[in-house]
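Numbering (this note's numbering), first residue to last: 1 to 218. All C-beta atoms, glycine included, are put in the ideal place defined by N, C-alpha and C. Nothing here was measured: the structure is a model prediction, and the numbers come from that model. Reviewing the structure listed below.
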């Protein structure tokens, strides 16, 4: 099956777990759903059309452990029941964990998707074909302010730690996030393990390191 290999470098990022509230933790690596969203943004696919690409397969590997730090910020939280409240009175200090110098490798193949994402990603990254892609704004991984420094087609080299599907794995990560704009259905979570460091290469077929981006739960 045709695939592409990408190198991704993000200087600052954060991947908040769904249970985080006042103290905003971060996963140690990007969830598959977040990486999928970045790829859709890269090729100019809007949220309402993303189900056309459900079924693509990803493999993710950290090339190094990102540094984690904590920042202090003020957030405005206005409950739905207090829409008329003064925003200044609803300010609260919060701590947020962020990752620094995240670098990872990404393998992508179309799997059972209705539309080809691999070809559109190639088009977005090849100078001769970039005009085929229509998109706007910067490319982010997670929050809009967490901009991607580099995403490029490269051959993998060195060592890395793969994210692997594991029903008893430590990490429970979203593989599909269902937004109200995308119709009916629920988000989908799966369990994963971060494997020990190994030589980087594309996983073989049917390897649990391949993660299928299954559509929403109906």
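| task | Please determine if the region 146–165 and the region 5–13 are in contact, where contact requires at least 3 C-beta pairs separated by less than 8 Å. | result | The region 146–165 makes contact with the region 5–13; the number of CB pairs closer than 8 Å reaches 3 or more.
Practice prompt. Grab the span of the alpha helix (DSSP H) containing residue 161 for me, first residue to last.
Written response: Translated into the one-based positions of the chain shown, residue 161 becomes position 161. Taken as a continuous stretch (DSSP letters only), residue 161 belongs to no alpha helix (DSSP H), being part of the beta strand (DSSP E) at 159–165.
Does DSSP put residue 30 in a helix, a strand or coil?
As a first step, residue 30 must be located in the chain shown, where it is residue number 30. In this structure, DSSP gives residue 30 a state outside helix and strand, which the three-state scheme calls coil.
Any 3 or more C-beta pairs closer than 8 Å across the region 198–210 and the region 160–168: yes
Q. Which residues does DSSP pair with residue 146 in a beta bridge?
A. Within the chain shown, the letter at position 146 stands for residue 146. Answer is none; residue 146 lacks a bridge partner.
One or two residues paired with residue 103 in a DSSP bridge
Counting from 1 along the chain shown, the entry for residue 103 is found at position 103. BP columns for residue 103 point to 9.
**Study point:** Whole-number beta carbon distance between residue 152 and residue 7, since they are thought to touch under 8 Å
**Key:** As a first step, residue 7 must be located in the chain shown, where it is residue number 7. As a first step, residue 152 must be located in the chain shown, where it is residue number 152. That pair is a contact at about 5 Å.
Which stretch, first to last residue, makes up the alpha helix (DSSP H) that contains residue 121? Counted from its first residue, the chain shown places residue 121 at position 121. Counting along the chain, the alpha helix (DSSP H) containing residue 121 begins and ends at 117–125.
Next item on the list: Can you say whether residue 126 is buried or exposed, counting buried as having 16 or more other CB atoms within 10 angstroms of its CB?
Entry: The residue you call residue 126 lines up with position 126 of the chain shown. Its Cβ having fewer than 16 others within 10 Å, residue 126 is exposed.
(request) Quick one: using the 10 Å Cβ neighbour count with 16 as the cut-off for buried, is residue 50 buried or exposed? (result) Residue 50 sits at position 50 when you count from the first residue of the chain shown. Result: buried.
Residue 179 versus residue 26 - alpha carbon distance:
As a first step, residue 179 is located in the chain shown; it is residue number 179 there, counting from the start. As a first step, residue 26 is located in the chain shown; it is residue number 26 there, counting from the start. One C-alpha to the other measures close to 21 Å.
- Message: Using DSSP's beta-bridge definition, name the partner residues of residue 95.
- Response: Stepping through the chain shown from its first residue, residue 95 is reached at position 95. Note: residue 95 sits in a beta bridge opposite 23 and 72.
Quiz item: Are the Cβ atoms of residue 175 and residue 106 separated by less than 8 Å?
Solution: Indexing the chain shown from 1 puts residue 175 at position 175. Indexing the chain shown from 1 puts residue 106 at position 106. Not a contact, by the Cβ cut-off of 8 Å.
Give the C-beta separation of residue 101 and residue 66 to the nearest angstrom, bearing in mind that I take them to be a contact with Cβ-Cβ under 8 Å.
Your numbering for residue 101 matches position 101 in the chain shown. Your numbering for residue 66 matches position 66 in the chain shown. The pair is a contact, with the Cβ atoms about 6 Å apart (cut-off 8 Å).
Supposed close pair residue 44, residue 135 - CB separation, criterion 8 Å:
For the purposes of this step, residue 44 is taken as residue 44 along the chain shown, with counting starting at 1. For the purposes of this step, residue 135 is taken as residue 135 along the chain shown, with counting starting at 1. About 4 Å; that satisfies the 8 Å criterion.
Query raised in the report: In angstroms, rounded to a whole number, what distance separates the CA positions of residue 62 and residue 132?
Result: Position 62 of the chain shown, counted from the first residue, corresponds to residue 62. Position 132 of the chain shown, counted from the first residue, corresponds to residue 132. One C-alpha to the other measures close to 30 Å.
Integer Cβ distance of residue 211 from residue 32, believed to fall under 8 Å: Reading the chain shown from its first residue, position 211 is the one you call residue 211. Reading the chain shown from its first residue, position 32 is the one you call residue 32. Indeed, because the Cβ distance is near 5 Å, the residues count as touching under 8 Å.
task: In angstroms with no decimal places, state the Cα-to-Cα distance between residue 191 and residue 214.
output: Stepping through the chain shown from its first residue, residue 191 is reached at position 191. Stepping through the chain shown from its first residue, residue 214 is reached at position 214. Their Cα atoms are separated by approximately 14 Å.
Quickly, what does DSSP pair residue 174 with across the bridge? List them, please. Stepping through the chain shown from its first residue, residue 174 is reached at position 174. BP columns for residue 174 point to 189.
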